[in-house]
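Asker:
Numbering (the numbering used here), first residue to last: 443 to 769.
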């Protein structure tokens, strides 16, 4: 296929931007064939008199770029016109190809949501990482983060999202939802995602965040009493819950107090990995606020975000494995 002038000009530029490098990384580590296989049975085949559908790989890449850069449907459409690097990633040449518009992407996202395909994408990524030996499943880390929702009632229904609620953290009130995750203690990769309203207590979701094969689970002080809850009565794990901060500060300056404080430091070092997926989703992917109404739509998005966060976190190990296979 002949390259356009803009493609040649882009290829000749001397500096690779952070966006170029990031998209190249996502291109390399994503198991595209597996993801396409999950969506393809549900994707329109065309063949009628109407306009043929946009090729599935192009729509999937447009959706992935949207999620990785935290863009709206209209925002990613504009980005395809503005950014050669995003066009190259999606596989569009302005001189030859039609650019999918925001409505086309909206319909594609609704297709993913209606058929729970983002969860299948998440599971396909997990399977890919497990095949590479990156999800050993020896233990789990469990935590949750608040994702704010718009409190405004300036909308068609003149009401807040009924699935979202407010909760108090420290001395500040937050309105929105919680993303609860279970993370592999060794690799730091997410294996389970659950969404609730923000006022749901973290400890009530601990059982839903286990994959069932772990023997040890590490949690922060907000999960005190998790082992006594009825839903965990038959759970064959050891719960390692952090000591409450006030109790830890009151530890005596004795050998026993120093030993207990050392144990808490060790548990904190293990738990630290659970923050890495949150960092990627909230800071790199810029997902600090909900984009859609309702928990179901937002959970569908979280599956995609944490799936690709796993690929970002595992990219260096995936490159190393790829290099070993090539040598």
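Heads up, the beta-carbon is just placed ideally off N, CA and C, and yes, glycines get one too.
These numbers come from a predicted model, not from an experiment.
As a quick exercise: from 602, 590, 665, pick the residue whose alpha carbon is nearest that of residue 615.
Answerer: Closest by alpha carbon: 590.
Asker: To the nearest angstrom, how far is it from the Cα of residue 485 to the Cα of residue 498?
Answerer: Approximately 7 angstroms, taken between the alpha carbons.
Asker: Under the assumption that residue 737 contacts residue 605 (Cβ atoms under 8 angstroms), give the Cβ distance between them as a whole number of angstroms.
Answerer: About 4 angstroms; that satisfies the 8 angstroms criterion.
Asker: Just to confirm my understanding: we take residue 641, look at its own chain, exclude 5 residues before and 5 after, and list those with CB closer than 7 angstroms. What are they?
Answerer: Closer than 7 angstroms at Cβ, skipping near neighbours: 607, 608, 609.
Asker: What first and last residue would you give for the alpha helix (DSSP H) that runs through residue 570?
Answerer: Segment 559-573, the alpha helix (DSSP H) holding residue 570.
Asker: Give the secondary structure of residue 518 by DSSP, where H, G and I count as helix, E and B as strand, and everything else as coil.
Answerer: Residue state, collapsed to three classes: helix.
Asker: Using 8 angstroms as the threshold, is the stretch 626-646 in touch with the stretch 656-674, meaning 3 or more CB pairs across them?
Answerer: Yes, since at least three Cβ pairs between the stretch 626-646 and the stretch 656-674 fall closer than 8 angstroms, the two stretches touch.
Asker: Using a threshold of 8 angstroms, state whether the C-beta atoms of residue 677 and residue 563 are closer than that.
Answerer: Cβ atoms of residue 677 and residue 563: not closer than 8 angstroms.
Asker: Within a Cβ cutoff of 7 angstroms, which residues of the same chain sit near residue 469, ignoring the five residues on either side of it in sequence?
Answerer: So the list reads 531, once near-sequence residues are dropped.
Asker: For residue 452, name the three-state secondary structure that DSSP assigns.
Answerer: Legend: pLDDT at residue 452 = 49, less than 50; position of this residue unreliable, value from coordinates given subsequently. Reduced to three states, the DSSP call for residue 452 is helix.
Asker: DSSP puts residue 764 in a beta bridge; with which residues?
Answerer: Looking at the DSSP assignment, residue 764 forms no beta bridge with any residue, so it has no partner.
Asker: Let me know the alpha helix (DSSP H) ranges lying completely inside the stretch 484-515, each 4 residues or longer, listed in chain order.
Answerer: Correct list: 498-511.
Asker: Pull the bridge partners of residue 661 from the DSSP assignment, please.
Answerer: Residue 661 pairs with 683.
Asker: Quick check: the Cα distance between residue 626 and residue 542, rounded to an integer number of angstroms?
Answerer: Using only the alpha carbons, I get a separation of about 37 angstroms.
Asker: Give the single residue among 690, 519, 672, 726 whose Cα lies nearest to the Cα of residue 702.
Answerer: Ranking 690, 519, 672, 726 by Cα distance to residue 702 puts 690 first.
Asker: Would you report the Cα separation of residue 496 and residue 713, rounded to the nearest angstrom?
Answerer: Distance between the alpha carbons of residue 496 and residue 713: 44 angstroms.
Asker: From residue 443 to residue 534, what does the alpha carbon distance come to, in whole angstroms?
Answerer: Here the model assigns residue 443 a pLDDT of 42, short of 50, so the residue's position is not dependable and the matter cannot be decided.
Asker: Pick out whichever of 695, 629, 556, 475 has its Cα sitting closest to the Cα of residue 716.
Answerer: Checked all of 695, 629, 556, 475; the closest Cα to residue 716 is 629.
Asker: Apart from the five residues just before and just after residue 546, which ones in its own chain have a Cβ nearer than 7 angstroms to its Cβ?
Answerer: Result list for residue 546: 496, in chain order.
Asker: Among the candidates 710, 730, 765, 573, whose CA atom is the shortest distance from the CA of residue 439?
Answerer: Residue 439 is absent from the model: the chain starts at 443 and stops at 769.
Asker: In the DSSP output, what is residue 619 paired with across the bridge?
Answerer: The partner list for residue 619 (beta bridge, DSSP) reads 589, 639.
Asker: If we ignore side chains and look at the alpha-carbon of each, how far apart do residue 464 and residue 617 end up?
Answerer: The alpha-carbon atoms of residue 464 and residue 617 are separated by roughly 32 angstroms.
Asker: Can you tell me whether residue 577 is helix, strand or coil according to DSSP?
Answerer: Coil.
Asker: Name the one or two DSSP bridge partners that residue 625 has.
Answerer: For residue 625, which the question treats as bridged, DSSP gives the partners 583, 632.
Asker: In the DSSP assignment, what residue or residues form a beta bridge with residue 731?
Answerer: Bridge partners of residue 731: 590.
Asker: Could you please give the first and the last residue of the uninterrupted alpha helix (DSSP H) stretch that includes residue 709?
Answerer: It spans 697-713 - the alpha helix (DSSP H) in which residue 709 sits, taken as one unbroken run.
Asker: Restricting to Cα atoms, I'd like to know which of 482, 529, 487 is closest to residue 507.
Answerer: Closest by alpha carbon: 529.
Asker: Restricting to Cα atoms, I'd like to know which of 525, 571, 461 is closest to residue 763.
Answerer: The shortest C-alpha separation from residue 763 is found at 571.
Asker: DSSP state of residue 758, grouped into three classes?
Answerer: Three-state DSSP puts residue 758 in a helix.
Asker: Please identify the residue among 750, 705, 711, 742 whose C-alpha is closest to the C-alpha of residue 719.
Answerer: Checking every option, the nearest Cα to that of residue 719 belongs to 750.
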